[in-house]
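Counting from 109, one number per residue, gives the positions in the sequence shown under the working numbering.
Backbone N, C-alpha and C fix where the C-beta goes; we use that ideal spot for every residue, glycine too.
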Amino acid sequence: METLSTLVHRTLRHYDQEALLYVKNLVTSALLECCSVEELKELQQTDSVNYIAEKSYEDLLVFSQKDPAAGGDPLYIAKNYTSYAAVLHYRVAHWVHMNHRPNACHSAAQSLAASISRRGKMLSGAEIDFRSRIGSRFVIDHGVGTVIGETTVIGNDCYILGGVILGARGISSNGAVPRHPKIGNHLQIGAFANVLGNVSVGDGAFIGPGCVITRDVPSGARVQVKTSLQVQLPE
Numbered sequence: 109m110e111t112l113s114t115l116v117h118r119t120l121r122h123y124d125q126e127a128l129l130y131v132k133n134l135v136t137s138a139l140l141e142c143c144s145v146e147e148l149k150e151l152q153q154t155d156s157v158n159y160i161a162e163k164s165y166e167d168l169l170v171f172s173q174k175d176p177a178a179g180g181d182p183l184y185i186a187k188n189y190t191s192y193a194a195v196l197h198y199r200v201a202h203w204v205h206m207n208h209r210p211n212a213c214h215s216a217a218q219s220l221a222a223s224i225s226r227r228g229k230m231l232s233g234a235e236i237d238f239r240s241r242i243g244s245r246f247v248i249d250h251g252v253g254t255v256i257g258e259t260t261v262i263g264n265d266c267y268i269l270g271g272v273i274l275g276a277r278g279i280s281s282n283g284a285v286p287r288h289p290k291i292g293n294h295l296q297i298g299a300f301a302n303v304l305g306n307v308s309v310g311d312g313a314f315i316g317p318g319c320v321i322t323r324d325v326p327s328g329a330r331v332q333v334k335t336s337l338q339v340q341l342p343e
């Protein structure tokens, strides 16, 4: 049976040139919004645009396959979905964070990454810390209010909805230690779910809307809120 990863890579061999070119333009625009022309030229010498565009196109392709509202059209998502813009800006900012330019000091590279990340938040309403680690083929759908904290780790092929918080359990004065969730592969997280603290959520788990997770969740588990709220129907 063909895996999702194999399907994506097979499809990428026959990718939509127009959509991939558009993604490259989005990556370049994200850099230009926060970089000087000289800085952009230095980054282009590292093949950063092509690398980030390929990662972002994988995100885009999977998004178009999983969201029926997109009608299977990657270009439609790239042009219109602000939640996709959030992930693309994360990809750009994370690359800058991990591969800061030889001629730039570490603090300058971090400042540039933070500026790109902030731009993604302004466009989308989703805040993804550029120091978090997110795997391939990642989708945020309806991303307003989503927060992904600094030490969060997310595996491959994860799909989350709006308002999801992957945060710390403390409020202020948290230690500079791993304090955010570690999310496995092939997860779905419903709207307004909170996963808090340095907890692990195993591969293939399903976290339903509105859940609050503060302890480890095993692989394949399905977590849902049970409520006593009842609807009284008219007679």
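Select from the options the residue whose C-alpha is nearest the C-alpha of residue i.
i	options	result
G228	A194, N302, L220 and M206	A194
N207	Q153, L274 and S164	Q153
E162	R245, Q340 and I297	R245
G316	P326, S327 and I297	I297
A284	T260, L295 and S219	T260
G243	G263, V333, D249 and R226	G263
D404	A221, L295, V255 and L168	Limits of the chain in this structure are 109 at one end and 343 at the other, which puts residue 404 out of reach.
S62	T322, C142 and S327	Nothing can be reported for residue 62, as the shown portion of the chain is limited to 109 through 343.
A176	H202, D249, K149 and N306	Per the sequence presented here, residue 176 reads as Pro, with Ala not at that position. If we check each option's Cα against that of P176, D249 comes out closest.
Apart from the five residues on each side of it in sequence, which residues of its chain come closer than 7 Å, Cβ to Cβ, to residue i?
i	result
E258	D237, R239, S240 and H288
V325	V309, G310, A313 and V331
V200	V135, A138, L139, I160 and I224
What distance in whole Å lies between the Cβ atoms of residue j and residue i, which are believed to be in contact at a cut-off of 8 Å?
i	j	result
F171	Y198	Actually they are not in contact, since the Cβ atoms of F171 and Y198 sit about 14 Å apart, beyond 8 Å.
V309	I291	5 Å
Q173	G179	The Cβ separation is near 11 Å, so there is no contact.
L128	L139	Rounded, the Cβ-Cβ distance is 17 Å, inconsistent with contact.
A216	V204	At roughly 10 Å, the Cβ-Cβ gap does not stay under 8 Å, so A216 and V204 are not in contact.
Which residue or residues does DSSP assign as beta-bridge partners of residue i?
i	result
N302	I273 and V320
V261	R241 and K290
Y267	V247 and Q296
I236	I256
Apart from the five residues on each side of it in sequence, which residues of its chain come closer than 6 Å, Cβ to Cβ, to residue i?
i	result
G251	S191, A194, S232, A234 and G270
Looking only at its chain, what residues have a beta carbon closer than 8 Å to the beta carbon of residue i, apart from the 5 residues adjacent to it on each side?
i	result
V333	G316, P317, G318 and C319
So does the segment 278 to 296 actually touch the segment 172 to 187, counting three or more Cβ pairs closer than 8 Å? no
Tell me, please, whether the segment 156 to 167 touches the segment 123 to 142 by the rule of three or more beta-carbon pairs shorter than 8 Å. yes
Mind the definition here: the segment 261 to 274 touches the segment 297 to 304 only if three or more C-beta pairs lie below 8 Å; say whether that holds. yes
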